[in-house]
Each structure stands twice: as C-alpha cells, then as structure tokens.
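Chains as they are written, first to last, in the numbering used here: chain A, 1 to 164; chain B, 1 to 164; chain C, 1 to 164; chain D, 1 to 164; chain E, 1 to 164; chain F, 1 to 164.
Cβ atoms here follow ideal geometry from the backbone N, Cα and C, with glycine treated the same way.
Since the model is a prediction, treat every value here as computed from it, not as a measurement.
Protein chains: 6
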Amino acid sequence: MKADPSSPSDSFSHLDDAGRAQMVRVTGKADQTRRAVAEGFLRLAPETVEKLRRQALPKGDVLTVAQVAGILGAKKTAELIPLCDLLPLHHVEVRLTPERDQIRIVGAAETVGKTGVEMEALTAVVVAALTLYDMCKAVDKGMSIEGVRLLKKEKASVVERTAS
Amino acid sequence: MKADPSSPSDSFSHLDDAGRAQMVRVTGKADQTRRAVAEGFLRLAPETVEKLRRQALPKGDVLTVAQVAGILGAKKTAELIPLCDLLPLHHVEVRLTPERDQIRIVGAAETVGKTGVEMEALTAVVVAALTLYDMCKAVDKGMSIEGVRLLKKEKASVVERTAS
Amino acid sequence: MKADPSSPSDSFSHLDDAGRAQMVRVTGKADQTRRAVAEGFLRLAPETVEKLRRQALPKGDVLTVAQVAGILGAKKTAELIPLCDLLPLHHVEVRLTPERDQIRIVGAAETVGKTGVEMEALTAVVVAALTLYDMCKAVDKGMSIEGVRLLKKEKASVVERTAS
Amino acid sequence: MKADPSSPSDSFSHLDDAGRAQMVRVTGKADQTRRAVAEGFLRLAPETVEKLRRQALPKGDVLTVAQVAGILGAKKTAELIPLCDLLPLHHVEVRLTPERDQIRIVGAAETVGKTGVEMEALTAVVVAALTLYDMCKAVDKGMSIEGVRLLKKEKASVVERTAS
Amino acid sequence: MKADPSSPSDSFSHLDDAGRAQMVRVTGKADQTRRAVAEGFLRLAPETVEKLRRQALPKGDVLTVAQVAGILGAKKTAELIPLCDLLPLHHVEVRLTPERDQIRIVGAAETVGKTGVEMEALTAVVVAALTLYDMCKAVDKGMSIEGVRLLKKEKASVVERTAS
Amino acid sequence: MKADPSSPSDSFSHLDDAGRAQMVRVTGKADQTRRAVAEGFLRLAPETVEKLRRQALPKGDVLTVAQVAGILGAKKTAELIPLCDLLPLHHVEVRLTPERDQIRIVGAAETVGKTGVEMEALTAVVVAALTLYDMCKAVDKGMSIEGVRLLKKEKASVVERTAS
Chain A
1 MKADPSSPSD
11 SFSHLDDAGR
21 AQMVRVTGKA
31 DQTRRAVAEG
41 FLRLAPETVE
51 KLRRQALPKG
61 DVLTVAQVAG
71 ILGAKKTAEL
81 IPLCDLLPLH
91 HVEVRLTPER
101 DQIRIVGAAE
111 TVGKTGVEME
121 ALTAVVVAAL
131 TLYDMCKAVD
141 KGMSIEGVRL
151 LKKEKASVVE
161 RTAS
Chain B
1 MKADPSSPSD
11 SFSHLDDAGR
21 AQMVRVTGKA
31 DQTRRAVAEG
41 FLRLAPETVE
51 KLRRQALPKG
61 DVLTVAQVAG
71 ILGAKKTAEL
81 IPLCDLLPLH
91 HVEVRLTPER
101 DQIRIVGAAE
111 TVGKTGVEME
121 ALTAVVVAAL
131 TLYDMCKAVD
141 KGMSIEGVRL
151 LKKEKASVVE
161 RTAS
Chain C
1 MKADPSSPSD
11 SFSHLDDAGR
21 AQMVRVTGKA
31 DQTRRAVAEG
41 FLRLAPETVE
51 KLRRQALPKG
61 DVLTVAQVAG
71 ILGAKKTAEL
81 IPLCDLLPLH
91 HVEVRLTPER
101 DQIRIVGAAE
111 TVGKTGVEME
121 ALTAVVVAAL
131 TLYDMCKAVD
141 KGMSIEGVRL
151 LKKEKASVVE
161 RTAS
Chain D
1 MKADPSSPSD
11 SFSHLDDAGR
21 AQMVRVTGKA
31 DQTRRAVAEG
41 FLRLAPETVE
51 KLRRQALPKG
61 DVLTVAQVAG
71 ILGAKKTAEL
81 IPLCDLLPLH
91 HVEVRLTPER
101 DQIRIVGAAE
111 TVGKTGVEME
121 ALTAVVVAAL
131 TLYDMCKAVD
141 KGMSIEGVRL
151 LKKEKASVVE
161 RTAS
Chain E
1 MKADPSSPSD
11 SFSHLDDAGR
21 AQMVRVTGKA
31 DQTRRAVAEG
41 FLRLAPETVE
51 KLRRQALPKG
61 DVLTVAQVAG
71 ILGAKKTAEL
81 IPLCDLLPLH
91 HVEVRLTPER
101 DQIRIVGAAE
111 TVGKTGVEME
121 ALTAVVVAAL
131 TLYDMCKAVD
141 KGMSIEGVRL
151 LKKEKASVVE
161 RTAS
Chain F
1 MKADPSSPSD
11 SFSHLDDAGR
21 AQMVRVTGKA
31 DQTRRAVAEG
41 FLRLAPETVE
51 KLRRQALPKG
61 DVLTVAQVAG
71 ILGAKKTAEL
81 IPLCDLLPLH
91 HVEVRLTPER
101 DQIRIVGAAE
111 TVGKTGVEME
121 ALTAVVVAAL
131 TLYDMCKAVD
141 KGMSIEGVRL
151 LKKEKASVVE
161 RTAS
C-alpha cells in the first residue's frame, strides 16, 4: 500500500479494487513544497518558424500570448482533469524557445501541498502548445504537438521564512 | 484579404500589421456546418497497457473517464485558448483505442457557425491524453503525449431539416 | 431513428450501439425558440421557514442570492453536464416561494437553437436549492431537496421581429 | 457566538444583523480533516432501469459519466454557491447504485481546512443526478430528483504522516 | 414597453413590475452584427509609466499580458454578470496606450446576435486594467482605475458573404 | 531582493531580469491572515439614483444582485488575472451605498495564505460595478466606473483557536 510517487507502483492509484475510477486520498499526507517541470514541442515547418521570427517575434507577442495561456491553463488543471486535486498553486512558469523546426515549451509549477503538481506542469505545456497552434494554423497546415513529458518532480520540507 | 482555411496563407491571421496578437474577425462569414477530427497518442510501456487491459479495461472506467474529460475539455476551448472564438458546440466525440505501447485518441467536434472547430477537436484529444496520463502516472514514469495533429476539417452548407 | 423529444423513445440517444456514451448530434436540426420550465423544493422545518420570514425575508436577500445563483448556474449547464450542448442562453428566470415547510423553486430557460433547454431549467432549480441549503444549514440540520422535475417543454418557429 | 456545526444555531450564520447576506468568517478556525457524505436519488420508471441494465450498464458507461460529472461538479462548488468558501478539495467520491425504480447516488468529499465540505458532497450528488437525467431523458419523461440530503459530517484533528 | 437600446428608457429592463431582478427576454429580436467599444484608464505615477517604458515595454510583455487577459475576460462576461446573456463572441480587441500618468485601455467586442455586447467590451477593459494593476502593484501603491465607460455601440443587418 | 508589500519596490516583481512576465514565487512565505479592502464608484445621473431608490431599492434586489456578483467575482480572480496565485478565499464582503450621483462599492477579501488578497478585493468591486452598470444601462446612457483603488491591506500572524 505504498504511494511513493518516485518509483512506479504495481497498481493504479486511481482505480479501486473493483477497477472503478477514484480520486486518490491524500488528506493524511504532509504539506511539502512540491515542484514539477514538463516539456513539449510544437513541430512546424522551418519556414513557419522563419516567418514567426521575422513577423511575430520582434514584438514578442505570439510567445507571450502562449505563455499567458499556459499559466492560466495550469490554474485550470483540476477543472480539466477529473481525478486531480483542487489545490492552491503558488508559481507557474512557461518558457518558449523557437528552434529550427519546432518551438520548445517548458512549463514548471510549484505549490505547498499534499500532492505533486506534475499535471499542472503538463497542462501548462499543452495549453501553450495549443495556443501557438491556433495562432499559426492559417500559415502552416502540418503542425503537430510532440514529446510532452515530465522532466522533473521534486519535493522538500517546508521551511518557512519568518513572516514577510 | 483571403481567409480560406483550406490552403495555407502567407500571413498570420492572428497578427495585425504591427505584429500584435489579435482575434480574427469572422462576423461576415456565413454559418456553415463545420466539423474537424484530430488524433493523438499517449505513449506508455507495453506492460502498462497490459495492466490496463487486465485491471481497468474490463470495467471500461479508465477510458470513459478520459472520454468524458475530453468532451468537457472541448467545450472549454475558448476559455483556454485566448484568440479562439466563443461559439456553440453541437457535437463532440472522443474515442480511445489501446494499442501495443500506446493509446490512440481520436477527437471530433462539430458546430454550425462561422469558424472551424479544429481547436475544439485538438483540445478534446489533449485533455483526454492528460487525463489518461494522470490515471496511469503511479504505474508508469515514462509516458509521453505524441503526434497530436489535425486529421480532417470539413464544412458544408446548412441544409435544415424541417423542424423536429 | 426518431428524435422527437416530446414522446419517449425506445433507445437512449446518449448511447451508441455499443452502449458507449456520446453527445447527440443536432447539427441538422432547425433553430427554434425553445423554452423549458422546471420545479423543485427545499424541504425544511416550519420553524426555519418562520425564522426566514422574520429575519431574512424582509430584506429579500436570501431569496435573491438563491435566484442569482440559479441564473448563473443555468449558464454553466454545459460545463457541468458532460453530454450537454454548449449553446447560447437568452433568458433564465428563477422564482422562489416560501410555503409552510418548504421553499418552492421554479426555473425557466429560453433559447433560440437546435436543442431543448430542460437541463438548463433543471440546473437553475438545483443550484438555487443548494444555495438556499447553504444559507440555512447553520439553523436547520434536517433539510432535503425534493421533487426536482420538468414541468413543461415547448418549442416554436422563430418569427423574428424587424430589427429593434 | 457559537459555531458548532453539529447542533442547530438560533441564527443564520449567512445573515448579518441587518438581514443581509454574507459569507461566514472562518479565518480563525483551525485546519482539520473534514469529511461529509450526502445522498440523493434519481427516480425513474422500472422499465428505464431495466433498459439501462441491458443496454448501458454492461459497458458501465452511463454510471461512469455521471460519476465523473459529480466529481468535477464538487470541485465547482464555490463557483456555483455564492456564499461558499473557495477551498482545496482533496478527495471526492461518487457511487451510483441502480435499484428497482431509482438510482441511488452517494457523494463524499474530504479536505483539510477550516470549514466543512457538506456543500461539496451535496453538489457532487446533484450534478451526478442531473447528468443521469440528461442521459435518460429521451427514454423516460417522468423522472425526478428526490431525497438529496446530508448523511454524515465529520472532522478530526490533522495527524500528519511523516512525509511521503 | 419599448426596448430600443439607443435611447434611454423610463424603466429598468432588468426589473420586473414588482422590482425584482430578471434577465431581459430577447428571443424575439433579430440577429444583427453588434459591436461595442469601451475605454478606461489605469492611473499611475509618471515614474511608474517611465519605469514601465524602460524595463517592461521594450519586451512588450506587460501590455500583451493585459491584452490577453482582457480578451479572455470578455469571453467570461456572462459568467461574471448575472443578468447578461450567454452568447457567442466573434471578435474582441484590446489596445493599451501608455500616456504620461496613465495607461489608456480600449476594448471592442463584436458578435452576430440578439443583444448588444457593451458589457463584453467593458469587461475586457476592466480585466485588462486589473491585470496591469496586478503587475505594477509592487512598484506603485497609488494606482486607481478611472473613466471606464462605453464609447460606441453599433448594430447592422447581417449581410453574409458567400461561404468562405 | 525585498518583497515587503507595504512599501514600494524599485522593480516590478512580475518581470524577470529580461523584462518578461512571470508569477512571483511565494512558496517560502509564511501563512498569515491577510485582508484587503478596496472601493470604487459607479457614477450615474442623480435621476437614475432617484429611480433606483423608488423602483428597485425597496425590494433590495438590484444591490443584492451586484453584491452576489462581486463575491463570486472575487473567487474568480486567479482565473481572470494571469499572474495571480490560485488560493483559498475565506471571506469576501461587498457593500453598496447609493449616494447622490453614484453608488459607492466597498469590497473586502480575507484569507490565510502566503500572498495578499488586494486583487480579490479589487475584482469584487469591479464586478459589482459592472453588474450594476448592466442593470441600469437601459435607463442611463452616461454611466462610468471611477475611483477603483485599494483602501487597506493588512496581515497578521495566524492564531488558531482551538478546534471549533
């Protein structure tokens, strides 16, 4: 009956013994600082990246719109994913880097709570990718979202600074 | 000033001349039946697929939870993607098929309106994938979301049946 | 393959032939004015109704809070109920009437569209009932919500007035 | 100035002295594990239950769709009910049991926080009931939602396990 | 019983004869292209504007974040304002212009529908202003939002282009 | 690297060194009781205020609708304002006072957490003002929202009462 999230388990925590879906009970877990980082890619034609660099990136707008959408998306995780906890979210970061034929998206989420925030980090990445897709779809008909995965998941005891 | 969504354009419809983000104006477009189909994959270890088949698939729960999440997610598209129209959505379908080392997700959306619903179909796929990820993450630490792309986009004049 | 909503059908429109959940396809249906009325009751102790009359009803606040919650709730129907269409909503009305040992709630919804709005009317009633429950729960531990049902469902061809 | 939720109070905590609606101030209350269980019934014709058993229940879909909707609905409680706290929610459970002429719905919610979660449990029940109603409404015109009430409300001091 | 929105009326359309709040019934109105433009100002210290110009405006980020928030906010109008119709929204535009001691915000909304979209335009302005406030509040303690008002409200018959 | 919210800082906490938007990291901050109070005004013609007093205020409805909208709006702050934390909210209060040619709105928010709640208080004010605007717009074409600003921001160490 272990629940250590760092090593794989033999059974699906989201399934009860009868194979029915359920939320995982975490009320007994300690509050810790929890952080997760995820990445993903919007694959597009090199010419689209080139056009973006010339027309859109000077103003920075396209990437900022995607970044904002990713941050807001992370805060909607519990609304989108049925068996996810509704929890406070203290920090979300989304970075986008245009490469030759793709835009790399890195999303990070952080909270003090009882469960990890990998779903929040992944949601940030995926919503940023969809937003980019939406803005480029008139120009490029062959885009795809690839390689969305968790890069890192950490936790640490909460050491509170004196009030600030 | 073309806006034909079926062939690529030279310029980003979501950028104005100064390179700033904007929604595309569609108020002059005709109402048509519009349909889009998208697909994507949750890549996981063959043993995870195997476990799912044994423990979860008999009850059907895991796939149904992801399907419902995908349908509800499609209805949130305009809330998630900043430059997307807020429009009625008349039909969403999500199908999940377990294969050897992945689960294939197909999402379709349909409306009668002025703009295509490819973002709705893509959002359905991606939210279903995240939901599956969430339910399998205690068992499999190496999953990724791959190959999320548009399969088909159609429109047709509205031929209304007599009232029913 | 009938879909006339006024007489019962033999099969669940929300289930496909394999018994899997689906949204009903309505894109071929005509736009009509559609209206639905539902009712429900919050059952409470006669003394609670009496206290409400003395302390809360003079200001009208309690009933208005429930009325507003019901109206806003109706607008969230497609977000709450997975297989419900996302559609414009042109009119919602919620009326609350204190009776001896209950508060009667009537909710009405109206749209011009392709599907009925009975779920919107029912959601208005139920959210208003929950809101009343919340406001009375410190005083009355034995409340229940009863008799939530559809009273009427109508449709009519759209006769548009000249622009106003 | 008592606020013990287990025994009825003389005054409405959600009304100030002038009879105006207000949220209850809980910032001084201790964080405790809080759990609530609610039930409700969707009353339908015995033949509808029978049809569900034959056509829908084998796949389990209909009940799972309602269960997922109930869980997601519980997470929207603060958005639906104006004077309800916005709080983290650590566990929601929804169980549906078909009986002769009704489907029994039990919803449970759990958090660590300053206020009870009975509204979350009741909302889970009610949204699951509406979702069932929606899926059966083509088949059965005489359904109603009945007997929605709180079954149990508990709290306990938080005993944190060592970090896991 | 006139409802011409271009000239003031003698009575509150949102109040029934008994003085109770209600949504306005618009189902009989014709679909027209409707557009509204609103403005507002975030008043701040000239030094804050100066700092923004030096540190933030080169990247454009701060204004783009506010612009995106305003667009998404407009799409939430019916969720925020109880007696507002839930309607499709085809175009939202938000422009921000730094002036000496304020940032001017102009918001425009456009739809084809039965009611005006002035609330959507006003909501866009106000949410953009709050977002700017949030980003500047560590630097400037004396900001205020001023002069939020409707600039223009138009409607026109729908002339549909041939399908595109 | 100071973050004392009571005195202005030299740099925008929401901008990183490269001038890009970011959420502020607060995971190291202590949980404290945090309270903020904001005010704002809906400016309208004295005759409109007079009409409101005669037709609407007796029933109290108009002000209560705006008050409820403000409370619900405050709970949506993190959804509306991109770089705002998603946090529990324990108390929101909205008071409206009709004056000669304006309605004064005061909003207060309270939580136990790591960041202030001034954005929640401001959002409550602004959503209440928009709601009033919506209800009066058929009668008064010259309204504006003015003077929305923070009145007070406090924090205090949490002294938990024994469980209640």
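Query: With a cut-off of 9 Å, does the C-beta of Leu-86(C) fall near any C-beta of chain F?; Result: no
Query: Assign Thr-97(A) to buried or exposed, taking buried as 16 or more other Cβ atoms, counted over all protein chains shown, within 10 Å of its Cβ.; Result: exposed
Query: Sort out for me which residues DSSP pairs Glu-146(F) with in a bridge.; Result: Phe-41(F)
Query: According to a CB-to-CB cut-off of less than 9 Å, which residues of the segment 126–154 of chain A neighbour chain D?; Result: none
Query: Kindly indicate which residue of Val-37(B), Ser-13(B), Phe-12(B), Val-62(B) has the alpha-carbon position closest to the one of Ile-103(B).; Result: Val-62(B)
Query: Could you list the residues in the segment 111–127 of chain A with a C-beta less than 8 Å from some C-beta on chain B, going in chain order?; Result: Glu-118, Met-119, Leu-122, Thr-123, Val-126, Val-127
Query: Does the beta carbon of Leu-96(C) sit closer than 9 Å to a beta carbon anywhere in chain D?; Result: no
Query: Taking Val-112(C) as the reference, which of Val-26(C), Val-24(C), Arg-35(C), Gln-22(C) has the closest Cα?; Result: Arg-35(C)
Query: Is the Cβ of Ser-157(F) closer than 9 Å to any Cβ of chain D?; Result: no
Query: Quick one: what does DSSP say Asp-4(F) is sitting in, helix, strand or coil?; Result: Because Asp-4(F) sits at a pLDDT of 38, beneath the cut-off of 50, its placement in the model cannot be relied upon, and the following sentence gives the value as read from the coordinates. Of the three classes helix, strand and coil, the one that applies to Asp-4(F) here is coil, per DSSP.
Query: Out of curiosity, what's the CA-to-CA distance linking Met-23(C) and Glu-120(D)?; Result: 26 Å
Query: Put Thr-115(B) into one of helix, strand or coil per three-state DSSP.; Result: coil
Query: By the three-class DSSP mapping on this structure, what secondary structure does Thr-162(B) have?; Result: With a pLDDT of only 41 at Thr-162(B), under 50, the local geometry of the prediction cannot be trusted, and the value read off the model is given with reservation. Coil, per DSSP.
Query: When burial is assigned at 16 or more other CB atoms within 10 Å of the CB, is Lys-152(A) buried or exposed?; Result: exposed
Query: What first and last residue would you give for the beta strand (DSSP E) that runs through Pro-98(F)?; Result: 91–98
Query: Suppose you measure from the CA of Ser-6(F) to the CA of Val-106(F); what does that come to, to the nearest Å?; Result: Legend: pLDDT at Ser-6(F) = 40, less than 50; position of this residue unreliable, value from coordinates given subsequently. When rounded, the distance between both Cα atoms is 21 Å.
Query: Cα-Cα, which of Asp-101(B), Leu-122(B), Glu-154(B) is closest to Ala-45(B)?; Result: Asp-101(B)
Query: Under a Cβ-count criterion, where at least 16 other Cβ atoms within 10 Å of its own Cβ denotes burial, should Asp-85(C) be classed as buried or exposed?; Result: buried
Query: When DSSP labels each residue in this structure, what does Leu-52(C) get in the three-state scheme?; Result: helix
Query: Between the C-alpha atoms of Asp-140(C) and Thr-48(C), what's the straight-line distance to the nearest angstrom?; Result: 7 Å
Query: Can you find a C-beta in chain E that's less than 9 Å from the C-beta of Gly-107(F)?; Result: no
Query: Determine the closest residue to Ala-138(C) out of Glu-39(C), Val-37(C), Gln-32(C), Lys-51(C), with distance taken between C-alpha atoms.; Result: Lys-51(C)
Query: From Gly-40(D) to Ala-108(C), what does the alpha carbon distance come to, in whole angstroms?; Result: 23 Å
Query: Under DSSP, the alpha helix (DSSP H) around Ala-21(A) begins and ends at which residues?; Result: Neither: Ala-21(A) is in no alpha helix (DSSP H) and is coded neither H nor E.
Query: Quick one, which of Val-127(E), Leu-83(E), Val-117(E) has its alpha-carbon nearest His-91(E)'s?; Result: Val-117(E)
Query: I'd like to know whether the C-beta atoms of Val-37(E) and Ala-66(E) end up nearer to each other than 9 Å.; Result: no
Query: Output yes if chain F places a C-beta closer than 9 Å to the C-beta of Val-68(C); else output no.; Result: yes
Query: So, under 8 Å CB-CB, Ala-78(E) and Lys-75(C) are touching, yes? Tell me the CB distance rounded to an integer number of Å.; Result: 6 Å
Query: Between Lys-114(E), Leu-42(E), Leu-89(E), Arg-53(E), which has its C-alpha nearest Thr-33(C)'s C-alpha?; Result: Lys-114(E)
Query: For the alpha helix (DSSP H) holding Lys-75(B), just list the boundary residues, first then last.; Result: 61–75
Query: Whole angstroms is fine: what's the gap from Leu-72(C)'s alpha carbon to Gly-73(B)'s?; Result: 20 Å
Query: Residues in its own chain within less than 7 Å of Asp-31(F) by CB, not counting five upstream and five downstream?; Result: Val-112, Gly-113, Lys-114, Val-158
Query: Please name the residue, chosen from Arg-54(C), Leu-122(C), Leu-83(C), Arg-25(C), that lies closest to Ala-69(C) on a Cα-to-Cα basis.; Result: Leu-122(C)
Query: Starting from the C-beta of Met-135(E), find all residues in its chain whose C-beta is less than 6 Å away, skip the five residues before and the five after it, and write them out in chain order.; Result: Val-62
Query: What are the partner residues of Ala-108(A), as DSSP defines its beta bridges?; Result: Val-37(A), Glu-93(A)
Query: For chain G, is any of its Cβ atoms less than 9 Å away from the one on Arg-25(D)?; Result: Included in the structure are the protein chains A, B, C, D, E and F, with no chain G among them.
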